[in-house]
Amino acid sequence: MSDEIKKGLLGIVVDETTISQVMPDINSLTYRGYAVQDLCEKCNFEEVAYLVLNGDLPKKKDLKKFKKLLEENRNITINLREIVKHMPKKSHPMDVARTIVSVLGLEDKETTDNSPKANMRKAIRIFAKTPTAIAAFFRARKGKNVIPPKKGLSFSENFFYMCFGKVPNKDIVKAFDVSLILYAEHSFNVSTFTARTITSSLSDIHGAITGAIASLKGPLHGGANEEVMHMMSKIKKPENALKWINKALDKKEVVMGFGHRVYKKGDSRVPTMEKYFKKVSAIKKDKKFIKIYDTVKKVMIERKNIHPNVDYPTGPTYHLMDFDTDFFTPIFVISRITGWAAHIMEQHAANKLIRPLSKYSGPEHRKVMLLNQR
Ligand code: COA
């Protein structure tokens, strides 16, 4: 057995998956064999969620059934609504999201049943209810009334409705839907691997998704979309962008929304999200963020040959859609629940406890001296 250390599991293949394939050499990403770009143009988020969870695109009648199932499961208990309303207003919404899934686990009658059918039912409940609870916090912390889900609306429309009390125009909804499709799944990233690791001890889906949310919060992972917005706010005006980015690179700062562990020549999701970011900017008649975006991107590629990742365009897009910055990563959550759930079910189906080794580098073996002899 080799005792060579691969920090961050760099380059290590730990298991197989049938859910998605990241192909860095050709800048491509497929879900269950379908290119994400194609899915973004031809499908809505519900179809893609069905695909990720079930392995194939739904037929008309499957989609109808799936949408009905989601609608029926969207309501949250009074208990959970009250918990959300009483959470400290200054809590980070990602911590609230983590707590929401934890509470859903306490309320779920099938929490300890890890059979494939029970896991799918629980996945649907988590997927349907989490946006409702997150939207409740979005409003409650501003002292606004909580808006329950509304039948007849799509997943994305309903999320806007529960946050803002109205549904924006269809192009904005499509851009949001596209962002959810792009966020749904991405092989063995750190939060998914966290979910699989938790599952590998035969723990339950609520616990695995709770852990995955904690992992996604970090700025090196999903938290980057919020950091991108903080960076753009610091830059303030397009005229400041060139000076700002050059100074940041001179100081060897990490620029959020750039770089990726797997993609080194560009993130396959960026061109699609960039297109929708531009559409939203045009609808909102806002050129400021596009200009900052382009300048920072150009310098990052020219000076460092480091390309943007998907969090770079999603950050300003969500801002233009009027979401609070600290809700950007929770939006990532409501989509990625599908990918995590699929991985949790895949892990259960062919489980092996995940337990790597470590190389000890602490003190030599030593004797314990009694307290009065130390
Ligand atoms: N800004 C500036 N420099 C960066 C960078 C960034 N965003 N991303 C990578 N680099 C540099 C590193 O400083 C390092 O330079 P060095 O070799 O001179 O030390 C080199 O590129 C390799 O980076 P490294 O951190 O080893 O790559 P990684 O595969 O471990 O990290 C990330 C990948 C995503 C953690 C990293 O690119 C990053 O921190 N990006 C910003 C956070 C982000 O956007 N995360 C979302 C990912 S989808």
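Take 234 as the starting number for the sequence shown in our numbering and just add one per residue. In this text, a Cβ means the ideal position worked out from N, Cα and C, and glycines have one as well. This structure is a prediction, so every number in the text was calculated from the model and none was measured.
The continuous beta strand (DSSP E) containing serine 253 extends over residues 253-256. Within the DSSP secondary-structure output, leucine 262 pairs in a beta bridge with Val255. With a cutoff of 6 Å, asparagine 538 does not count as near ligand 1, since its C-beta is closer than that to no heavy atom of the ligand. Here aspartate 527 is exposed: its Cβ has fewer than 16 other Cβ atoms, across all protein chains shown, within 10 Å. CA-to-CA, the gap between phenylalanine 522 and serine 514 works out to about 8 Å. A residue is called buried when at least 16 other Cβ atoms come within 10 angstroms of its Cβ; histidine 419 meets this threshold and is buried. In the DSSP assignment, valine 461 falls within the alpha helix (DSSP H) that extends over 457-468.
Measuring C-alpha to C-alpha distances from tyrosine 496 to each of Asp236, Lys239, Ser235 and Leu243 identifies Leu243 as the nearest. Alanine 583 carries a coil assignment under DSSP once its states are collapsed to helix, strand and coil.
If you ignore the 5 residues before and after isoleucine 539, its C-beta comes within less than 7 Å of the C-beta of Phe491, Gly492 and Met533, all in its own chain and listed in chain order.
Annotated three-state conformation of phenylalanine 560 is helix, per DSSP. In terms of Cβ geometry, serine 424 and alanine 445 form a close pair [threshold 7 Å]. By the Cβ neighbour-count rule, arginine 536 is exposed, with fewer than 16 other Cβ atoms within 10 Å of its own. With contacts defined by Cβ atoms closer than 7 Å, lysine 377 and tyrosine 394 do not form a contacting pair.
Inside the stretch 332-394, DSSP marks whole alpha helix (DSSP H) runs of 4 or more residues at positions 349-373, from first to last along the chain.
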